[in-house]
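Engineer: Just passing along the structure, written as structure tokens.
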Amino acid sequence: MDHEFLIQCRQGFEKDLAAELAAWGSKKNFASFTRTVEDKGYVFFKGSAFPFPLQESVFARQMMKVSETLSSLPEKNKLDPILEAIEKDQSFQGVLCESLLVNGPKGIQDFSKKFERVLEKALHTSGQISRDPQLPTLHVFFLDYEQAVVGCGLKNYCSRERNGILRLRRSSDAPSRSSLKLEEAFRILFPEHKLEKHENSESLPIAVDLGAAPGGWTYELVKRNYLVYSVDNGPMNPKLMQSGRVSHEATDAFHYRPPEKVDLLVCDIVEKPYQVSELIAKWFANNWTRRAIFNLKLPMKKRYAAVKDCIELLTQDLDCTVRCKQLFHDREEVTLFVESRHEVTGRRTK
Ligand SMILES: C[S@@+](CC[C@H](N)C(=O)[O-])C[C@H]1O[C@@H](n2cnc3c(N)ncnc32)[C@H](O)[C@@H]1O
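Just so we're aligned, residue 0 is where the sequence shown starts under numbering that gives the first Met the number 0, counting upward by one.
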């Protein structure tokens, strides 16, 4: 039996998400149908099950299985019709009320946050909330003040964060706003990353930052205890250079070769996505790094096709795993995490 799913993405990327869903459907050999609503930040998808776990999708931020779409919600009492749409014997681990992030009516986001508390309280009273993490989350998505989509989200298929967005605050001493991009990438794409204790600077992990200036990404790496080779012809933030953890290499990233094998390569260069992917592939083919985090700028129309070509390039000849996501701090771009399946050994190969 087919169900309907509401899947959120960055506003303006609805067609890219639809292309990703179509590609997924044809790979899995199932018929699917997608209805996009331009510039609203979501699409409707019809299929027998959730299309993919959230972690495996490039453009999906949040997903819910729709049980009912309510229209003509009254101005004053929206609670009763929403409670009526929920089966009385169904329990949830929690409630998530969301709304359009952009192009929605004024105040709808604050309203949905407040409504979430009201709805959760009502469900507590009726004994329908239980903190069992295997239970679904009740999801309500307000299209406006009169229309709401009611449904549920399941573990691995929906995010506990509102609209699937991890909200981060920029540190006052970070040299650029870009630092948030790398912080989000670490948390979403490389959650296994641990801040290990290092006895002395000889055992500190080593990173290379390609296209590093003014230093937002380098700052994030230093914060995580890395010694960093920062490659850019542009100037680096002087305060960051005083940390003693950064070596500025004023040269072209496409010709740079690391003086030793490194633990992590990061790259934030504004270049054609395929060219950047070839550069990253070169690092793995030469065994210069164990892992990489980088982004691909997507100024073209067929963005999903461009991303797919780059992922294919990275996976066809290299023994690597690849994760790719459009993060909240990504605008016309996506971020990738690549990890070699074998250890890179033999440091200090100067
Ligand atoms: C988006 S900015 C990087 C911002 C940086 N990640 C941060 O957090 O501050 C892109 C940088 O790439 C550098 N860049 C562009 N092409 C490059 C190349 N071929 N080699 C080295 N750096 C390059 C530019 O000079 C620019 O500083």
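Just so you know, even glycine gets a beta-carbon here, dropped at the ideal spot from N, CA and C. Just so it is clear, the structure is predicted and the values come from calculations on it, not from any experiment.
Starting from the Cα of residue 132, find the closest Cα among 159, 123, 327, 23 and give me that residue.
Structural biologist: 159
Engineer: Tell me, please, whether the stretch 325 to 333 touches the stretch 277 to 284 by the rule of three or more beta-carbon pairs shorter than 8 Å.
Structural biologist: no
Engineer: Can you tell me whether DSSP reads residue 180 as helix, strand or coil?
Structural biologist: helix
Engineer: Can you give me the start and stop residues for the alpha helix (DSSP H) that residue 74 sits inside?
Structural biologist: Where residue 74 is concerned, there is no enclosing alpha helix (DSSP H), given that its DSSP letter is neither H nor E.
Engineer: Which residues share a DSSP beta bridge with residue 61?
Structural biologist: 7
Engineer: State the Cα-Cα distance for the pair residue 51 and residue 179, rounded to the nearest angstrom.
Structural biologist: Each residue's alpha carbon lies about 27 Å from the other.
Engineer: Within its chain, find whatever has a CB closer than 6 Å to the CB of residue 2; leave out the 5 residues flanking it on each side and keep chain order.
Structural biologist: 64
Engineer: Could you tell me which residues DSSP pairs with residue 334 in its beta bridges?
Structural biologist: Answer by DSSP bridge pairing, in chain order: 294, 324.
Engineer: Please name the residue, chosen from 303, 299, 99, 31, that lies closest to residue 148 on a Cα-to-Cα basis.
Structural biologist: 99
Engineer: Ligand 1 and residue 152: does the residue's C-beta get closer than 8 Å to at least one heavy atom of that ligand?
Structural biologist: no
Engineer: According to the Cβ coordinates, are residue 181 and residue 119 closer than 9 Å?
Structural biologist: no
Engineer: Tell me where the beta strand (DSSP E) around residue 246 begins and ends.
Structural biologist: 245 to 248
Engineer: Throw me the rounded Cβ distance for the residue 101 and residue 241 pair, which I believe falls under 8 Å.
Structural biologist: With 8 Å as the limit, residue 101 and residue 241 do not qualify as a contact, their Cβ atoms being about 40 Å apart.
Engineer: Helix, strand or coil: which one does DSSP assign to residue 0?
Structural biologist: coil
Engineer: Could you give the distance in angstroms between the alpha-carbon of residue 153 and the alpha-carbon of residue 140?
Structural biologist: 15 Å
Engineer: In whole angstroms, what separates the C-alpha of residue 289 from that of residue 79?
Structural biologist: Here the C-alpha atom of residue 289 lies approximately 55 Å from the C-alpha atom of residue 79.
Engineer: May I have the straight-line CA-CA distance separating residue 319 from residue 336, to the nearest angstrom?
Structural biologist: 10 Å
Engineer: Keeping to the same chain, check which residues put their C-beta closer than 6 Å to that of residue 138; ignore five residues upstream and five downstream.
Structural biologist: 63, 95, 150, 151, 152
Engineer: Report yes or no: do the stretch 164 to 174 and the stretch 212 to 232 share at least 3 C-beta pairs separated by less than 8 Å?
Structural biologist: yes
Engineer: Could you name each continuous beta strand (DSSP E) segment of 3 residues or more that falls completely within the stretch 259 to 309, going from the start of the chain to the end?
Structural biologist: 261 to 266, 288 to 296
Engineer: Which residue marks the beginning of the alpha helix (DSSP H) containing residue 239, and which one marks its end?
Structural biologist: 237 to 240
Engineer: Just the C-alpha distance for residue 185 and residue 192, rounded to the nearest angstrom, thanks.
Structural biologist: The alpha-carbon atoms of residue 185 and residue 192 are separated by roughly 7 Å.
Engineer: Taking just the CA atoms, how far does residue 107 sit from residue 143?
Structural biologist: Cα to Cα, residue 143 sits roughly 7 Å from residue 107.
Engineer: Can you find at least 3 beta carbon pairs, one from the stretch 80 to 95 and one from the stretch 34 to 53, that sit closer than 8 Å?
Structural biologist: no
Engineer: Roughly how many angstroms separate the alpha carbons of residue 81 and residue 41, rounded to a whole number?
Structural biologist: 21 Å
Engineer: With H, G and I counted as helix, E and B as strand and the rest as coil, what does DSSP make of residue 24?
Structural biologist: helix
Engineer: For residue 225 and residue 83, I'd like the C-alpha separation in whole angstroms.
Structural biologist: If you take the alpha carbons of residue 225 and residue 83, they lie about 54 Å apart.
Engineer: Quick one: measure Cβ to Cβ for residue 58 and residue 19, integer angstroms, because I've assumed they're closer than 8 Å.
Structural biologist: 5 Å
Engineer: Span of the alpha helix (DSSP H) holding residue 218?
Structural biologist: 215 to 222
Engineer: If I follow the unbroken beta strand (DSSP E) through residue 351, where does it start and stop?
Structural biologist: What is shown of the chain runs 0 to 349, which leaves residue 351 out entirely.
Engineer: Would you please state the rounded distance, in angstroms, between the beta carbons of residue 265 and residue 206? I believe it to be under 8 Å.
Structural biologist: 6 Å
Engineer: Considering only the alpha carbon of each residue, which of 35, 251, 74 lies closest to residue 270?
Structural biologist: 251
Engineer: If I follow the unbroken beta strand (DSSP E) through residue 138, where does it start and stop?
Structural biologist: Secondary structure note for residue 138: its beta strand (DSSP E) is the uninterrupted segment 136 to 141.
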